[in-house]
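Protein chains in written order, with the numbering used here: chain A, 2 to 396; chain B, 9 to 132; chain C, 199 to 436.
For glycine and all other residues, C-beta sits at the position ideal for the given N, C-alpha and C.
The model shown is predicted, which means the values in this text are computed figures rather than measured ones.
Have a look at the structure below, then the notes.
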C-alpha cells in the first residue's frame, strides 16, 4: 500500500499523524486542567484505590523506557553489530517514553506545582525521592550516550557511555520495583522478587516497543529488515517474555504457599472478577501464549507476525500492571489477621475502582507525548538504523 | 532590527502607561494596627516570617501566637466580612493581585477570623 | 517616570533584595517574638489506650466528635476523609465479636514517614505523626504504605476550614491526635467525647501518668505488632 503513495503525499500523512498526536496530548492536558480545578473527585481514584490508570500507563512507559535500552546495551556493552546500529533509535525511544511516563506521573499528583519540594526537602529513605534523581539522571546519561554515538568524534566514548547507561537503567528499574517491594503491609507487595521481575519484564516490553517502532519506520520508508537480524531480535524478545512469565509465576506460586497469602491469591487468580480475567486472558493468553505462538510457529514469525506479537505483548503488559497495581490495592489490608472486619471506611471489603475518562485521557496523553518525541526525533535527526552489511560467512 | 527592538520596548511601556491611571491598591486593613513590625518591613519580609514560622509551628510544635497566621488574620480580616480573601480589596488579595504574586495559603488555611468562625460554628 | 511607578519599582526591588538575602531572617525574629511555647519534646510520648470492652457497637460518638473538631464532612463515601472510624471485628475461629475505633496509630517507626519523598509525613519529637501540608505534593505513597489505612486524600476543593486545622485539596491527611488541642494542654476530641471513657489519652513516657500505670498493669496489644512499628495506640481486649 505504501508503494502507491508518492513522496509528496507521504508528507501530509506524517503531519496528519503528528496532529493526531498533538490532539491526544491536548486531551491529556485538558484532563489535567480539570483535575486541578475540581480535584481527584472527577477520577475513579478514592481512598482505597489511590493509584489508578495514570499510574498503569506511567509505570508501563517508564519500565519500557528502561527496557528499550537493552537494544543499545547489546550493541555497546555486548558488542553485537546488528544491535549497535539500532542503539540511537533505542536511545530516542527511551527518552520519549521516560518523558511521557514521568509527565503522567507528575501531573497526577495532588499538587504538581509543588514537585520541586521533593528536591528541596529530600527524604533519603524514600525511593520516590531517589527516583526523581534516577529518572532525571537517566535523561542526562541517555542524552550523553546518544551524543557519543551520533557525533563522530565522540564515537570512542560510546562504549563507556553505553556501560554507564546499562548500570543506570538497572538501578532505575530496581528503583521502580522497590516502590512496591518496600510496602510491607500490602499482601500484593512487600516482596523482594519485584525488582528483578521488573527488570526482566522491562526487557520484554522494551523489545516489543522497539519492534513496533522499527516495523513502522521500515514500512514507512519502504525498507526491509534483514531476515537474520529479524530472527535474532524476535527470538530474543520471546526469550524475555518467557523469562518474565517465569518471574510472575514464581511470585504467585510462592504467595500460594503461604497460608496468610492464599486469600489474596484466590482473589487475584480466581474469584476477583476483572483481575483474574485480565491476568489469565489479558496477560497469560494474549500477552504470552499468542505472541510466543506467533514468533515460534514454523510457518509464522515474519514481519507482520512480529509486529502483531509485539502489540499483544504490550497489551498483556498493561493488563499485568493493572492487576498488580490496582488489584493489589483492591484487596483489603489485613489489619486484624484472623478476624472478619467491616467499617464505614471499606475495611475488609474489596475496593471498587472504575477508570474515568480524565484518567484515561491523561494516560494516553503520556503515550501521545512519547509518540510526538519519537516521530519528530526520527524526522529531524538520523535515528533510522543504518544497516551494517552482513559479513561474508554468516548464515 | 532596531525598529523591532524599539517597537517591542514601546509595547512593554504601553501597559505601564495605561496602568498610570491606577493608584496604589486599595486595602481593607481590618482592625489594622501593628504588633510585629512596621508596615514597610512587613511588606518586604512577611513571606519569610511566615515560611520560617510555619516550620517552627508544624514540625517543632513551637507556637508563637503573635506571629501565627491566625493572629495576622485576627487583626487584618475585614470588619465587614471577617475575611482576608473574600473581596478584591481584602487584606491579602489587594496587594497580591496588584503585584501578581499568586499565593496558595488559603487552599488549606481558613481566611476567616477565628473568633467569627467559632461564632458561626456554635450558631449552627 | 511617575511617582507611582517609582513606588512600584522600589517595592519590587526591595522585595527581590530581601528575598536574595533571606537566609536566616527567622533568627532575628526569634529574639523579638514573645509568648511562644516550648515546642514538642522527645521526653514526652503521646499515646492512647483503648478499652474495647467499653466500646459499644453502633456508637459513633468518637467519630462525630473528630469530624466536628477537625471540620470533616462526616461523609462515608469512598472519597470522603475519615480520620477515625469504628470497625466491627469478629474472630473467625471463636466467633467473638467486638467493636473498636481505628485511627492513625502514631507509630514509632512509621512506614508513611519512610516513604514520603518530601518529608511532609513526619514524626514530631513527642511521637505524633503528622502531615506537613506545606510540603505534601499529594503523591499518596504514604497511603499505600500505611498498614492501618489511616490516611485519606482530599479529593475536592475545601472551604470553611477550622482555623486551627488547615486542610486542602490535593494533600493527604490523617488523625493528628488533635495536636492543636494537645499544644493547648487539652486532649484529643475523641477521648473527651467517648461516653464510656473507652479512650484513655496520656504521656506514655511519664511512669506516673494514668495511661502508663494502666499499660503496665492490664494486658494490651498493638495492632499488627508483628510489623514492629511500635505504635503509640494500644488496645485492650482484642
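(1) Excluding the 5 residues preceding and the 5 following residue 5 of chain A in the sequence, name in chain order all residues of the same chain whose CB lies nearer than 7 Å to its CB.
(2) So if DSSP puts residue 433 of chain C in a beta bridge, which residue, or which two residues, is it bridged to?
(3) Could you tell me which of C/240, C/405, C/295 and C/350 sits nearest to residue 272 of chain C, measuring between CA atoms?
(4) List the residues of chain B that residue 331 of chain C touches, going by C-beta distances under 7 Å, in chain order.
(5) For residue 367 of chain A and residue 62 of chain A, which I take to be in contact (beta-carbon distance under 8 Å), what is that distance rounded to the nearest angstrom?
(6) Are three or more beta carbon pairs between the region 73 to 86 of chain A and the region 33 to 48 of chain A nearer than 8 Å?
(7) Which residues of chain C have a Cβ atom closer than 9 Å to the Cβ of residue 175 of chain A, listed in chain order?
(8) Using a beta-carbon distance below 9 Å, is residue 380 of chain A in contact with chain C?
(9) Quick check: the Cα distance between residue 393 of chain C and residue 259 of chain C, rounded to an integer number of angstroms?
(10) Could you tell me which of A/195, A/88, A/336 and A/243 sits nearest to residue 215 of chain A, measuring between CA atoms?
(11) For residue 27 of chain A, which of A/48, A/138 and A/105 has the nearest alpha-carbon?
(12) How would you call residue 183 of chain A, buried or exposed, if buried means at least 16 neighbouring beta carbons within 10 angstroms?
(13) Rounded to whole angstroms, how far is the Cβ of residue 302 of chain A from the Cβ of residue 235 of chain A, which I believe are closer than 8 Å?
(14) Compare the C-alpha of residue 238 of chain A against each of A/13, A/72 and A/34 and name the closest.
(15) Between the alpha carbons of residue 250 of chain A and residue 300 of chain A, how many angstroms are there, rounded?
(16) From the beta carbon of residue 95 of chain B, is the nearest beta carbon of chain C less than 9 Å away?
(17) Taking only three categories from DSSP, how would you classify residue 350 of chain C?
(18) So is residue 364 of chain C buried or exposed if we call it buried at 16+ other beta carbons inside 10 Å?
(19) Using the Cβ count rule (16 or more neighbours within 10 Å means buried), how would you classify residue 227 of chain C?
(20) Give a yes or no on whether 9 Å exceeds the smallest Cβ distance from residue 84 of chain B to chain C.
(21) Please tell me whether residue 88 of chain B has its Cβ less than 9 Å away from any Cβ of chain C.
(22) Three or more beta-carbon pairs under 8 Å between the region 120 to 128 of chain B and the region 81 to 91 of chain B, yes or no?
(23) Can you have a look at residue 125 of chain B and say buried or exposed, based on whether 16 or more other CB atoms are within 10 angstroms of its CB?
(24) Considering only the alpha carbon of each residue, which of A/296, A/17 and A/324 lies closest to residue 312 of chain A?
(25) Using 9 Å as the limit for Cβ to Cβ distance, is residue 336 of chain A near chain C?
(26) Using three-state DSSP, classify residue 299 of chain C as helix, strand or coil.
(27) Give the DSSP-derived three-state secondary structure of residue 283 of chain C in the structure shown.
(28) Going by CA-CA distance only, name the one from C/333, C/291 and C/371 that's closest to residue 113 of chain B.
(29) Does any CB atom of chain A fall closer than 9 Å to the CB of residue 276 of chain C?
(30) Answer yes or no: do residue 210 of chain A and residue 65 of chain A have a C-beta to C-beta separation smaller than 9 Å?
(31) Which class does residue 72 of chain B belong to by DSSP, given the choice of helix, strand or coil?
(32) Please list the segments of the beta strand (DSSP E) lying wholly inside the region 294 to 361 of chain A, counting only runs of 3 or more residues, in order along the chain.
(33) Among the candidates C/399, C/310 and C/353, whose CA atom is the shortest distance from the CA of residue 321 of chain C?
(34) Look at the Cβ atom of residue 347 of chain C, then the Cβ atom of residue 346 of chain A, and state whether they are nearer than 9 Å.
(35) For residue 398 of chain A, which residues from the same chain have a beta carbon less than 7 Å from its beta carbon, with the 5 sequence-adjacent residues on both sides left out?
(36) At the 9 Å Cβ level, is residue 315 of chain C part of the contact set with chain A, yes or no?
Short version:
(1) For residue 5 of chain A, the predicted structure reports a pLDDT of 45, less than 50, and the residue's modelled location is therefore unreliable. A value from the coordinates is still provided. The answer is none, since no qualifying residue turns up.
(2) C/248 and C/419
(3) C/350
(4) 116
(5) 6 Å
(6) no
(7) In chain order: nothing, as chain C lies at least about 16 Å away.
(8) no
(9) 8 Å
(10) A/88
(11) A/105
(12) buried
(13) 6 Å
(14) A/72
(15) 29 Å
(16) no
(17) strand
(18) buried
(19) Unreliable positioning characterises residue 227 of chain C in this predicted model, as indicated by a pLDDT of 44, which lies under 50. The coordinate reading is nonetheless provided below. Buried is the call here.
(20) no
(21) no
(22) yes
(23) buried
(24) A/296
(25) yes
(26) strand
(27) strand
(28) C/333
(29) yes
(30) yes
(31) strand
(32) 340 to 344
(33) C/310
(34) yes
(35) Residue 398 of chain A is absent from the model: chain A starts at 2 and stops at 396.
(36) yes
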